[in-house]
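Inspection log for the structure reproduced underneath, given as structure tokens.
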Amino acid sequence: MSVTLWLKEAVLESSTISLHPLRHDHADALAEAAADGELWELWFTSVPRLETVGKYIDDALSEQAAGRALPFVVVHNAWLNSYRRQRKKGYLRDSSLLNTTHQPGL
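Heads up: take any position in the sequence shown, counting from 1, add 5, and you land on our numbering.
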């Protein structure tokens, strides 16, 4: 099997979460998620500080471009479904968080 075959981007979905290919558009949501409880202080995980989220994404995408990684963001489907409903009703206008190449149903 070709090494590049497993590096093909895809959205992976289950009933509770989805994995979406990481994009720069995810920076604000990642910063917000990381700020909840100062996760960068945990010794057992790697989470960027608020001020380093952009570099974190740049590094991950550089690894992808070099063929060494395929970075994803984890999206809770309950949140995503609520977001889609609110957008459909006109409550939300900014969909930058969800700007990925494969977005079924958006």
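Positions of the beta carbon are idealized from the N, C-alpha and C atoms, including for glycine.
Kindly indicate the opening and closing residues of the beta strand (DSSP E) around V52.
Numbered from 1 along the sequence shown, position 47 holds the residue referred to as residue 52. No beta strand (DSSP E) holds V52; DSSP gives it neither H nor E.
Locate the beta strand (DSSP E) running through S19, then write down its first and last residues.
On the sequence shown, position 14 is the one that residue 19 refers to. Counting along the chain, S19 falls outside any beta strand (DSSP E), and DSSP gives it neither H nor E.
Below 8 Å on the Cβ atoms is my contact criterion, and I expect L17 with L24 to pass it. Report the Cβ-Cβ distance as a whole number of Å.
In the sequence shown, residue 17 corresponds to position 12, counting from 1. In the sequence shown, residue 24 corresponds to position 19, counting from 1. That pair is a contact at about 4 Å.
Is the separation between the beta-carbon of A32 and that of G59 shorter than 8 Å?
Along the sequence shown, read from residue 1 onward, the residue named residue 32 stands at position 27. Along the sequence shown, read from residue 1 onward, the residue named residue 59 stands at position 54. In this structure, G59 lies closer than 8 Å to A32 by Cβ.
Evaluate L27 with the Cβ neighbour count: other Cβ atoms within 10 Å of its Cβ, from every protein chain shown; 16 or more gives buried, anything less gives exposed.
Walking along the sequence shown from the start, residue 27 turns up at place 22. Classification for L27: buried.
Reducing DSSP to helix, strand and coil, say where L27 ends up.
What you label residue 27 is simply residue 22 of the sequence shown in a count that begins at 1. Three-state result, L27: coil.
In the DSSP output, what is V79 paired with across the bridge?
Counting from one through the sequence shown, the residue named residue 79 turns up at place 74. DSSP, once it has assigned bridges, lists L24 as partnering V79.
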